[in-house]
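Novice:
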Amino acid sequence: MAGRMVVGSAALADLVRPASAPDPAGGHRVLPVRAELTGLLPNRGLRRGSTVAVGAGQPRRSGATSLILALLAEASRAGSWCAVVGVPTFGAGAAAEAGIALDRLALVPDPGPEWPTVVAALIDGVDVVVTAVPATVSASVATRLAARARQRGSVLVPYGRWDGADVTLQVVRGVWQGLGAGRGRLRRREVTVSARGRGAAARPKEIKVWLPGDELTRVIPRSAGLGVPPAAPSRRLRVVAPPTRTLAAAGPA
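Under our numbering, think of the first position of the sequence shown as 381, with each following residue one higher.
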């Protein structure tokens, strides 16, 4: 079975124990992310103990799931355990294509009313915990889960509105490519991802990146993010000598 399907908090004990075992990646304070995304994060990766929220956007299919896959891929390749809670549409096939190791991926599609308990148990033993944010979550529960992540050295990635995150990432624009004049297939999307936060992440940033990626990223100047048209590309100029004109000598009148 692709990934580990976990239902209920009681079933988490067998998962958390092996996930908590020492491994080469466990001592690293910053888990790696794809090179295209490093400029959005103050530590150029996922710092253990931090909360990195991903805005769901409107509509909810705005590209946030692809961004989550991109965030998890490098940490998973490096040996970290990841968990995704409360996202029933999260596909194991898409995760594998993104480079996430399915044997170190726990999926809890529907945690039900035990959501805080499930997330807290996973934080105790899993390196990166992605969770959809229930509409009814209280500020006190959110604060306790973020504090638990700091204590345990896990990275909490809430998917949805989450006040007080160290960094909040959101896909703000996207353009699909691949379709021609009435034919073709959707192959990839150029998305604009914004980042805002507190402390070292207080200065807003925006980048453009391909999802799925081809290692091409363009950093957007701050002025462009404010709606100012980008400057026209510079052109190389070369000096052209004036044409030589031959003047006929005037003969005698």
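Glycine is no exception: its CB is placed at the ideal position from the N, C-alpha and C atoms.
#1: Which value, in whole angstroms, describes the spacing of the CA atoms of R530 and S430?
#2: What are the boundary residues of the beta strand (DSSP E) that includes I587?
#3: According to the neighbour-count rule (16 or more other Cβ atoms, all chains shown, within 10 Å of its Cβ), is D507 buried or exposed?
#4: Go ahead and pull the three-state DSSP assignment for S430.
#5: Here's the rule I'm using: 16 or more other beta-carbon atoms within 10 Å means buried, otherwise exposed. How should R414 be labelled?
#6: Take the Cβ of A463 as the centre, count every other Cβ of all protein chains shown within 10 Å, and call the residue buried at 16 or more, exposed below.
#7: What are the boundary residues of the beta strand (DSSP E) that V535 is part of?
#8: Under the rule that 16 or more other beta-carbon atoms within 10 Å means buried, what is L606, buried or exposed?
#9: Judging by CA-CA distance, which residue of G579, P584, G540, R583 is the nearest neighbour of L447?
#10: Pull up the CB-CB distance for G577 and A526, whole angstroms please, since I reckon it's below 8 Å.
#11: Is V510 close to chain C? Criterion is C-beta to C-beta, closer than 7 Å.
#12: Per DSSP, Q550 is paired with what?
#13: Give, in chain order, every unbroken run of the beta strand (DSSP E) that is at least 3 residues long and sits entirely within the stretch 470-512.
#14: Going by DSSP, what residue range makes up the alpha helix (DSSP H) through A527?
#15: Determine the burial state of A481: buried for a count of at least 16 other Cβ atoms within 10 Å of its Cβ, exposed for fewer.
#16: Under 8 Å Cβ to Cβ from R553, same chain only, skipping five residues before and after it: list those, please.
#17: Between the stretch 517-525 and the stretch 470-489, do at least 3 Cβ pairs fall closer than 8 Å?
#18: Using a Cβ-Cβ cutoff of less than 6 Å, which residues in the same chain neighbour A433 once the five nearest sequence positions on both sides are dropped?
#19: In terms of alpha-carbon separation, which member of F470, G579, P412, L502 lies closest to A444?
#20: What is the residue span of the beta strand (DSSP E) that A545 lies within?
#21: Of all the options V509, T418, L536, which has the alpha carbon lying nearest to the alpha carbon of K585?
#22: List the whole-angstrom C-beta distance separating V589 from E416, where the pair is believed to meet the contact cut-off of C-beta under 8 Å.
#23: Starting from A463, trace the beta strand (DSSP E) both ways and give me its first and last residue.
#24: Under a three-way DSSP split, which group does L411 fall into?
#25: Helix, strand or coil: which one does DSSP assign to R424?
#26: Return the Cβ separation of V467 and A512 in integer angstroms, given the expectation that the two are a contact with Cβ distance under 8 Å.
#27: Distance check for R583 and G425, CA to CA, integer angstroms please.
Specialist: Quick look at the numbers:
#1: Translated into the one-based positions of the sequence shown, residue 530 becomes position 150. Translated into the one-based positions of the sequence shown, residue 430 becomes position 50. Cα-Cα distance, rounded: 6 Å.
#2: Mapped onto the sequence shown, residue 587 falls at position 207. Per DSSP, I587 belongs to the beta strand (DSSP E) from 585-591.
#3: Counting from 1 along the sequence shown, the entry for residue 507 is found at position 127. Buried: at least 16 other Cβ atoms inside 10 Å.
#4: Counting from one through the sequence shown, the residue named residue 430 turns up at place 50. In the three-state reduction of the DSSP assignment, S430 falls in the coil class.
#5: In the sequence shown, the residue the question calls residue 414 occupies position 34. Taking every protein chain shown into account, the CB of R414 has 16 or more other CB atoms within 10 angstroms, so this residue is buried.
#6: Start at 1 with the first residue of the sequence shown, and residue 463 comes out as number 83. Result: buried.
#7: If you number the sequence shown from 1, residue 535 lands on position 155. Note, V535: beta strand (DSSP E), 535-539.
#8: Taking the first residue of the sequence shown as 1, we reach residue 606 at position 226. The predicted model places L606 with a pLDDT of 42, which falls under 50 and marks its position as unreliable; any figure quoted below should be read in that light. By the Cβ-count criterion, L606 is exposed, with fewer than 16 other Cβ atoms from all chains shown falling within 10 Å of its own Cβ.
#9: Taking the first residue of the sequence shown as position 1, residue 447 is located at position 67. Considering only alpha carbons, the answer is G540.
#10: For the purposes of this step, residue 577 is taken as residue 197 along the sequence shown, with counting starting at 1. For the purposes of this step, residue 526 is taken as residue 146 along the sequence shown, with counting starting at 1. Not quite, the Cβ-Cβ distance comes to about 13 Å (not below 8 Å), so this is no contact.
#11: The structure shown has no chain C; it contains just one protein chain.
#12: As a working mapping, residue 550 is identified with position 170 in the sequence shown. BP columns for Q550 point to S574.
#13: 485-488, 508-512
#14: Indexing the sequence shown from 1 puts residue 527 at position 147. Run containing A527: 519-532, per the alpha helix (DSSP H) assignment.
#15: Taking the first residue of the sequence shown as 1, we reach residue 481 at position 101. The residue is buried, with at least 16 neighbouring Cβ atoms inside 10 Å.
#16: Position 173 of the sequence shown, counted from the first residue, corresponds to residue 553. Cβ neighbours of R553 beyond the five flanking positions: V571, T572.
#17: no
#18: Against the sequence shown, residue 433 aligns to sequence position 53. Taken in chain order, the residues that qualify are P538, W542, A545, T548.
#19: What you label residue 444 is simply residue 64 of the sequence shown in a count that begins at 1. A444 has its Cα closest to that of F470, out of F470, G579, P412, L502.
#20: For the purposes of this step, residue 545 is identified with residue 165 of the sequence shown, where counting begins at 1. Counted as a single uninterrupted DSSP element, the stretch harbouring A545 is not any beta strand (DSSP E), since DSSP gives it neither H nor E.
#21: To locate residue 585, count along the sequence shown from 1; it is residue 205. Comparing Cα positions, the closest option is T418.
#22: Here residue 589 corresponds to residue number 209 of the sequence shown, with the count starting at 1. Here residue 416 corresponds to residue number 36 of the sequence shown, with the count starting at 1. Between V589 and E416, the beta carbon gap of about 5 Å places them in contact (Cβ cut-off 8 Å).
#23: Stepping through the sequence shown from its first residue, residue 463 is reached at position 83. Residues 462-465.
#24: Locating residue 411 in the sequence shown gives position 31, where the first residue counts as 1. L411 falls in the strand class under three-state DSSP.
#25: Translated into the one-based positions of the sequence shown, residue 424 becomes position 44. Reduced to three states, the DSSP call for R424 is coil.
#26: Here residue 467 refers to the residue found at position 87 of the sequence shown. Here residue 512 refers to the residue found at position 132 of the sequence shown. Right, their Cβ atoms sit about 5 Å apart.
#27: Mapped onto the sequence shown, residue 425 falls at position 45. Mapped onto the sequence shown, residue 583 falls at position 203. Rounded to whole angstroms, G425 to R583 spans 17 Å at the Cα level.
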